[in-house]
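Engineer: Protein chains in written order, with my numbering: chain A, 308 to 421; chain B, 3 to 116.
Handing you this structure, nothing more for now.
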């Protein structure tokens, strides 16, 4: 029962470096989301996808790009990492839009930007 | 803009006690209200989802209520156990957008002492 799997789980970057976080789900869900969680801020939506080949901006999209080339995968990219992007990133998926159905979360990817 | 508040930020109770976690939201035009559990270093697990037309939902020792007119939801945990120790987050889903708009509170960290 894999559910939603995020890789890597931990990463340390230097300012200006790039990286990609991978989210994979094996539940055939149409909807996928990337959130970031910061102390004292709660979860905030970065980008989301309503199906293969689609992406859309969430609440805090600046500095991030995403791609959904395959239904089961949702990639989050940082082209030029900044210390403000130090956070825990969570991927989630659902069969319905996030506000209308149950969300399934991955275990998170902890990113530190020095 | 919807704002979701959870008070207190932390709560410590002895094992066996019944307890209530509070969640308030500023915009009563919600689609549903969701409660999640987050264990340290882990992702979120969906606990209960209350549709806007419902007043409460129950799952085992958990009971969540919703009062849209007052902008409040409560999560009642009966006969608390040390295994209930976690952070509990509520999220309000508003209408609008192709994916619904889920706004999270910052959570209440619950500690149940043996």
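Beta carbons are placed, not taken as given, at the ideal position from N, Cα and C, and that holds for glycine.
May I ask you to verify whether the region 20-31 of chain B touches the region 396-410 of chain A, counting CB pairs closer than 8 Å and requiring at least 3?
Structural biologist: No, because fewer than three Cβ pairs between the region 20-31 of chain B and the region 396-410 of chain A fall closer than 8 Å, the two stretches do not touch.
Engineer: How do the region 308-325 of chain A and the region 82-91 of chain B stand: do at least 3 beta-carbon pairs fall below 8 Å, yes or no?
Structural biologist: Contact fails: fewer than three Cβ-Cβ distances are below 8 Å.
Engineer: Count Cβ pairs between the region 351-359 of chain A and the region 371-384 of chain A that sit closer than 8 Å; are there 3 or more?
Structural biologist: Segments in contact, yes.
Engineer: Taking residue 112 of chain B as the query, report the chain A residues whose CB atoms sit under 9 Å from its CB, ordered along the chain.
Structural biologist: Chain A residues near residue 112 of chain B: none, gap ~17 Å exceeds 9 Å.
Engineer: How many angstroms separate the CA atom of residue 318 of chain A from the CA atom of residue 45 of chain B?
Structural biologist: So the alpha carbons of these two residues sit roughly 17 Å apart.
Engineer: Going by alpha carbons, who is nearest to residue 351 of chain A out of B:110, B:106, B:112, B:113?
Structural biologist: Per the Cα distances, B:106.
Engineer: Would you verify that the beta carbon of residue 51 of chain B is, or is not, closer than 8 Å to some beta carbon of chain A?
Structural biologist: So yes, residue 51 of chain B belongs to the interface.
Engineer: Of all Cβ atoms in chain B, is any one closer than 8 Å to the Cβ of residue 409 of chain A?
Structural biologist: Yes, residue 409 of chain A counts as interfacial toward chain B.
Engineer: Output needed in chain order: residues of the region 18-36 of chain B with a Cβ under 9 Å from some Cβ in chain A.
Structural biologist: Residues passing the 9 Å Cβ filter: 32, 33, 34, 36.
Engineer: With DSSP as the reference, please indicate the residues paired to residue 409 of chain A in a beta bridge.
Structural biologist: Partner(s): none; residue 409 of chain A has no beta bridge.
Engineer: Which of the residues in the region 70-92 of chain B, read from start to end, lie with their CB under 9 Å from any CB of chain A?
Structural biologist: Under the 9 Å Cβ criterion, the region 70-92 of chain B contributes 91.
Engineer: Which two residues bound the contiguous beta strand (DSSP E) that contains residue 354 of chain A?
Structural biologist: Residue 354 of chain A -> beta strand (DSSP E) spans 349-356.
Engineer: Quick check: what's the CA-CA separation for residue 301 of chain A versus residue 4 of chain B?
Structural biologist: Residue 301 of chain A is absent from the structure shown; chain A starts at 308 and stops at 421.
Engineer: Consider the Cβ of residue 416 of chain A: report whether some Cβ of chain B lies at a distance smaller than 8 Å.
Structural biologist: It does not; no Cβ of chain B falls within 8 Å.
Engineer: Just mark residue 421 of chain A as buried or exposed, buried being the case when its beta carbon has 16 or more other beta carbons within 10 Å.
Structural biologist: Result: exposed.
Engineer: Considering only residues of the region 48-97 of chain B, which uninterrupted beta strand (DSSP E) runs meet the minimum length of 3 residues and lie entirely inside it, listed in chain order?
Structural biologist: List check, beta strand (DSSP E) in window: 58-61, 64-69, 74-79, 88-96.
Engineer: Can you have a look at residue 335 of chain A and say buried or exposed, based on whether 16 or more other CB atoms are within 10 angstroms of its CB?
Structural biologist: Per the 10 Å Cβ criterion, exposed.
Engineer: Counting only the same chain and skipping the five closest in sequence on each side, list residues whose C-beta sits under 8 Å from that of residue 33 of chain B.
Structural biologist: For residue 33 of chain B, where only same-chain residues beyond five positions count, the Cβ hits under 8 Å are 53, 54, 95, 96, 97, 102.
Engineer: Below 8 Å on the Cβ atoms is my contact criterion, and I expect residue 92 of chain B with residue 13 of chain B to pass it. Report the Cβ-Cβ distance as a whole number of Å.
Structural biologist: With a Cβ gap of about 14 Å, residue 92 of chain B and residue 13 of chain B do not count as contacting.
Engineer: Between the Cα of residue 396 of chain A and the Cα atoms of A:329, A:389, A:416, A:348, which residue gives the shortest distance?
Structural biologist: Checked all of A:329, A:389, A:416, A:348; the closest Cα to residue 396 of chain A is A:416.
Engineer: Just to make sure I have the definition right: I need the residues of chain A whose C-beta is within less than 9 Å of the C-beta of residue 68 of chain B. Which are they?
Structural biologist: The contacting residues do not exist; residue 68 of chain B stays about 15 Å from chain A at best.
Engineer: Between residue 313 of chain A and residue 29 of chain B, what straight-line distance do the alpha-carbon atoms span, to the nearest angstrom?
Structural biologist: Going by the C-alpha atoms only, they are around 33 Å apart.
Engineer: How is the beta strand (DSSP E) around residue 314 of chain A delimited, first residue to last?
Structural biologist: Element bounds for residue 314 of chain A: 311-314.
Engineer: Tell me, which residues are paired with residue 420 of chain A by DSSP?
Structural biologist: According to DSSP, residue 420 of chain A bridges with A:320.
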